[in-house]
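Asker:
Number of protein chains: 4
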Amino acid sequence: MSGNSGENEAPQSAVLLISCPDRSGLVAAVTTFMAERGGNILDLEQHAEESSNSFFMRLEWDLRGFAPSLEDIAREFEPVAERFSMKWELRRRDQLARIALFVTKAPHCLVELLARHQAGEWAADIPLIVSNREDLRGVAERFRIPFHHLPVVAGNKPAQEEAARALMESHRIDLIVFARYMQIVTGGFIRHFPNRIINIHHSFLPAFPGARPYHQAHERGVKVIGATSHYVTEDLDAGPIIVQDVARISHRDSVEDLIRKGRDIEKLVLARAVTAHLEHRVLVYGNRTIVFQ
Amino acid sequence: MSGNSGENEAPQSAVLLISCPDRSGLVAAVTTFMAERGGNILDLEQHAEESSNSFFMRLEWDLRGFAPSLEDIAREFEPVAERFSMKWELRRRDQLARIALFVTKAPHCLVELLARHQAGEWAADIPLIVSNREDLRGVAERFRIPFHHLPVVAGNKPAQEEAARALMESHRIDLIVFARYMQIVTGGFIRHFPNRIINIHHSFLPAFPGARPYHQAHERGVKVIGATSHYVTEDLDAGPIIVQDVARISHRDSVEDLIRKGRDIEKLVLARAVTAHLEHRVLVYGNRTIVFQ
Amino acid sequence: MSGNSGENEAPQSAVLLISCPDRSGLVAAVTTFMAERGGNILDLEQHAEESSNSFFMRLEWDLRGFAPSLEDIAREFEPVAERFSMKWELRRRDQLARIALFVTKAPHCLVELLARHQAGEWAADIPLIVSNREDLRGVAERFRIPFHHLPVVAGNKPAQEEAARALMESHRIDLIVFARYMQIVTGGFIRHFPNRIINIHHSFLPAFPGARPYHQAHERGVKVIGATSHYVTEDLDAGPIIVQDVARISHRDSVEDLIRKGRDIEKLVLARAVTAHLEHRVLVYGNRTIVFQ
Amino acid sequence: MSGNSGENEAPQSAVLLISCPDRSGLVAAVTTFMAERGGNILDLEQHAEESSNSFFMRLEWDLRGFAPSLEDIAREFEPVAERFSMKWELRRRDQLARIALFVTKAPHCLVELLARHQAGEWAADIPLIVSNREDLRGVAERFRIPFHHLPVVAGNKPAQEEAARALMESHRIDLIVFARYMQIVTGGFIRHFPNRIINIHHSFLPAFPGARPYHQAHERGVKVIGATSHYVTEDLDAGPIIVQDVARISHRDSVEDLIRKGRDIEKLVLARAVTAHLEHRVLVYGNRTIVFQ
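Residue numbers (the working numbering), protein chains in the order written: chain R, 1 to 293; chain U, 294 to 586; chain V, 587 to 879; chain H, 880 to 1172.
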């Protein structure tokens, strides 16, 4: 009756992500390349944006019974890519991403991510949690993830960011997730991880950026609240949006109610963004994202 | 099998709307007042906002078999109201409101409102449509509503607003609805109709106020679009919000797609706000609304 | 500030819809075929269902500057189709579909469809409205669409269905829409229009099929109501589902409230299904649909 | 910037839940009773159902500075209740409910409930978890809740249900939550806990009752999936519904995708039902619920 085992295994497949100027024959060139090598296409999604003459594509193919190595594929694909001026990436679905979680004191996003990880939803390892406070050490211990306390006080931010960066490097981190990390991070740190830091902001951006968005929302008297996950850029709360969702509220809701109802949206919106990123479904172009389904 | 007659009759009931400082004994005082006169309460909803120590109440009672006239009720209620420093209004549900619709060239909101009116959803008359363009005269004629063309060109806005105001007066208009009226109206006009002009803005305010919100939304790369109905105040797109709703979008949606999908939200959000207003469910306090259910 | 012109023109493009057993090389074969003829692909979406080993594809390409006629394309595509055992259809986006609307007495779906048609949202003509009652003749006249009254009484259903069928034939109807048509239609009629009759049922099927779904919903005490558009098959309310949507309700809602709130969902769900059908985005397989985006 | 402490304290207030035949003067009688004792009403919501002539009310008042004991209130209220033939309950908001969680092997609902409990969202204790399998013992240990394994095999169900019942009694359990408990429970057990067992069913009931609802949903080709929390009665999946919610799906979703997406709805729908129950917002009448806001 159940089925909900949750112990998914990552599919044995590879993903090719492409962006380039739109041109006739693009899809045919790529799919023929794959057909000639016996690649069975599991999923293909493309998107052409007329206004910017841009082309985007995600191609996933089966690696079971597929002879060429990804290194061979990459080398052989190079001439095709050059012909169409493509920017491209090649990824295995079953290669474990290494994620670092940054938190402060709200547990809901952290528990949501750890529970999904533990349930086997993601092809990922979470080797560490970083926090500027001690509040969530207990949660980290309960899920047996090493917890690093890097408190930020007057004057020590550069040193602590450098310490964090070193941790990322020594743990070979692929993706940083700010799971309600309530510290403003400098451009110096962010530039090391372009499109590799996902944040959750507790409003439907661009409404209510910055501090205390639920207080702002209550003050403005909106009838809908939301949450936004986005890649972190040097512009606060202005990076490329990955996932947004909302919930209806009413005058009956106090600020505390908004905070409570908001938590349910925040944690799901953040988890969906992480899932999309890990499945190589997100392409950033300019300040926007393509999120393939 | 149907039932959808749509020919609702307005209930023979009266509504008392109250706002005042919160205090013990308020609900008892009002309900006892009503019980002593044999009023059968059909619906009572109250809301106390702790942070501002404010109290709000909507009481609807049956007029069938209810002897006192509303004039008597109003006179007798005065001492109760004074005791609690109440601001209050008394309304009949079956008294026809008189609505003026202001439009420009997009037909979807206009048709939505006229179709609901024609189907008998509202206890209202719509004696006229005002427009700064001729585009929708055909729609007005189809629904047999007089259409007034008041074009706004350089320098004539004061005169045209005065003409509109005179029309409102001569038609004894209770409620003005901007059904995608694409003209900025001056404070001089607005001040005549406090909390009596409802606008539909095609974004989830406070995001994307002003012109071309769908273009702004596309540019920002949001994953959700919305619409907001609000009372018009002198601050553009900043008045008290009555109803908001949203729709999910994706990178596949061009600006034109957003405009098309947005129309479905706009017309429903506007219609719901008009319904709430006509059923005397909306209380404005400060720049926010209480919308009783 | 507006932009909402609504006067969309149908794109000058063609659509190829394919379903067949899944096999390696399918996408490459089709896209190469198109590339060799200089076809610029505007949109390609494919779907492989592993459990049934089925493959589905929708390919839309630009006809501007595309030399071959669709007849040529069809002839030349035949060998490709045969090789992969494809079932396929070829359609122009700018060819006007001819729609007949069937109604009874609820106006909301009818007005919604006519308003969209009038606003130019669809590449379609609506040459007639058929009804078993007279109630909506006024609406038809207001939109200047011929209205045919075919009352169904004891014993005359076969004759009236034959009359309706003849009307469809003489008006060369491509699509029939039951816009709250409250008559059960026999298999004899339905078999003439396979996957060409769209119905709106006022529940989230398979919950509450048959008569008076809102009464059933109220009786069961559900917290959500819905609407379902589907192709009509000989099994009542059991045909392939195209679009569904829902609205939240509460114990406060009477049956009449459900009917009223339901109308907003019904009309949008039906309109979306008609749009998807007209844009050649729907593929039926078994009793399910693929609805390409 | 945060605020999300989560360490809510239960309000020091009391709740009076009333259901009775509708009659004039009901609200006044109750609110006057409270005013005479100096009770400050924090929230009052009433609902009259015309079709059944029923009246329902939830009154919450402040206990800070309120002299009478709840025992006194109960005794003094008795004559009022008798006069109106009321069924009524009196509850403190800050009295800890004692909850038992029943699970099988899916962890998502269990983790959701435990995380909320741990974050202090509920005025509740969770003294034990019961399961027919061992799978989730690790989760229980991580949250330090005693785990009782009561496997059900051929012939031992009566004995195991009796063991479970004894556990409920010895732990003075007020509420049982089936958090994806995949065992059919007999009437003998259920009758001990009328309206005190909450189940989560993974479909929008009444669609897809019984086993494997996501498989049924996929087979039927619905475009929306849902989850339903309800009180358990002797009719399988047919008890009074407390909360329902849905998510949109498409043809792209396999059964596994439905299961995965469904988990997010299930856990939130179940948590909301538990919250409503614990805050004394749910009244059962017949097979339906009133869920006060």
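For each residue, glycine too, the CB sits at the ideal point set by N, CA and C.
Tell me, which residues are paired with residue 787/V by DSSP?
Answerer: The partner list for residue 787/V (beta bridge, DSSP) reads 814/V.
Asker: Going by CA-CA distance only, name the one from 787/V, 738/V, 734/V that's closest to residue 686/V.
Answerer: 734/V
Asker: For residue 1146/H, does the count of other Cβ atoms within 10 angstroms reach 16, so buried, or fall short, so exposed?
Answerer: A buried status is given to residue 1146/H, since no fewer than 16 other beta-carbon atoms sit within 10 Å of its beta-carbon.
Asker: Is the number of C-beta pairs between the segment 798–810 of chain V and the segment 834–853 of chain V that are closer than 8 Å three or more?
Answerer: yes
Asker: Just the Cα atoms here: how many angstroms apart are residue 434/U and residue 465/U?
Answerer: 22 Å
Asker: Could you tell me the distance, in whole angstroms, from the CA atom of residue 1059/H to the CA atom of residue 1079/H?
Answerer: Their backbone Cα atoms lie some 6 Å apart in a straight line.
Asker: To the nearest angstrom, report how far apart residue 334/U and residue 940/H are at their CA atoms.
Answerer: 21 Å
Asker: When you compare only the Cα positions, how much space is there between residue 999/H and residue 630/V?
Answerer: 50 Å
Asker: Taking only runs of the beta strand (DSSP E) that begin and end inside the segment 1107–1154 of chain H, which ones reach a length of at least 3 residues, in chain order?
Answerer: 1120–1127
Asker: Less than 8 Å between CB atoms is the rule here; does residue 300/U satisfy it with respect to chain R?
Answerer: Confidence at residue 300/U is low in this model, with a pLDDT of 46, below 50, so the placement of that residue is unreliable and no value is reported for it.
Asker: Do we get a CB-CB distance below 8 Å when we pair residue 308/U with the residues of chain R?
Answerer: With its beta carbon at least 8 Å from every one in chain R, residue 308/U lies outside the interface.
Asker: Can you check which of these residues, 1041/H, 1090/H, 954/H, is closest to residue 1070/H by C-alpha distance?
Answerer: 1041/H
Asker: From residue 436/U to residue 729/V, what does the alpha carbon distance come to, in whole angstroms?
Answerer: Residue 436/U and residue 729/V have their C-alpha atoms some 10 Å from each other.
Asker: Mind checking if residue 295/U is an interface residue toward chain V, Cβ cutoff 8 Å exclusive?
Answerer: The predicted position of residue 295/U is uncertain, since its pLDDT is 29 and thus under 50; no value can be drawn from it.
Asker: List the whole-angstrom C-beta distance separating residue 33/R from residue 46/R, where the pair is believed to meet the contact cut-off of C-beta under 8 Å.
Answerer: About 15 Å separates the two Cβ atoms, so there is no contact after all.
Asker: Could you give the DSSP three-state label for residue 670/V: helix, strand or coil?
Answerer: coil
Asker: Please report how far the alpha carbon of residue 312/U lies from the alpha carbon of residue 843/V, in whole angstroms.
Answerer: 27 Å
Asker: To which residues of the same chain is residue 463/U closer than 6 Å at the C-beta, ignoring the five residues directly before and after it?
Answerer: none
Asker: What first and last residue would you give for the alpha helix (DSSP H) that runs through residue 995/H?
Answerer: 987–997
Asker: Compute the Euclidean distance between the alpha carbons of residue 58/R and residue 290/R, then round it to the nearest angstrom.
Answerer: 10 Å
Asker: Of the residues 1074/H, 1166/H, 945/H, 906/H, which one's Cα is nearest the Cα of residue 892/H?
Answerer: 945/H
Asker: Classify residue 21/R: buried if its beta carbon has 16 or more other beta carbons within 10 angstroms, exposed otherwise.
Answerer: exposed
Asker: Span of the beta strand (DSSP E) holding residue 631/V?
Answerer: 627–635
Asker: In terms of residues, what are the limits of the beta strand (DSSP E) holding residue 875/V?
Answerer: 874–877
Asker: Measuring straight from C-alpha to C-alpha, what distance separates residue 525/U and residue 482/U?
Answerer: 11 Å
Asker: How far does the alpha helix (DSSP H) with residue 214/R in it reach, from first residue to last?
Answerer: 213–220
Asker: Reducing DSSP to helix, strand and coil, say where residue 26/R ends up.
Answerer: helix
Asker: Over what stretch of residues does the beta strand (DSSP E) that includes residue 776/V continue unbroken?
Answerer: First-last for residue 776/V: 773–776, but that is the alpha helix (DSSP H), not the beta strand (DSSP E).
Asker: From residue 564/U to residue 107/R, what does the alpha carbon distance come to, in whole angstroms?
Answerer: Looking at the two C-alpha atoms, the distance is approximately 40 Å.
Asker: Could you pull out every unbroken alpha helix (DSSP H) segment of at least 4 residues lying fully inside the segment 127–189 of chain R, listed in chain order?
Answerer: 137–142, 157–170
Asker: How would you list, in chain order, the residues of chain U whose beta-carbon sits under 7 Å from the beta-carbon of residue 946/H?
Answerer: None at all; the shortest Cβ gap to chain U is about 13 Å.
Asker: Does the CB of residue 580/U have a neighbour CB from chain R at under 8 Å?
Answerer: yes
Asker: For residue 278/R versus residue 17/R, is the C-beta distance shorter than 8 Å?
Answerer: In this structure, residue 17/R does not lie closer than 8 Å to residue 278/R by Cβ.
Asker: Looking at chain H, is there any beta carbon in it that lies within less than 8 Å of the beta carbon of residue 443/U?
Answerer: no
Asker: Here's the rule: buried if 16 or more other CB atoms are within 10 angstroms of the residue's CB, otherwise exposed. What is residue 496/U?
Answerer: buried
Asker: Leaving out five residues before and five after residue 623/V in sequence, what residues of the same chain have Cβ atoms less than 6 Å from its Cβ?
Answerer: For residue 623/V, where only same-chain residues beyond five positions count, the Cβ hits under 6 Å are 654.
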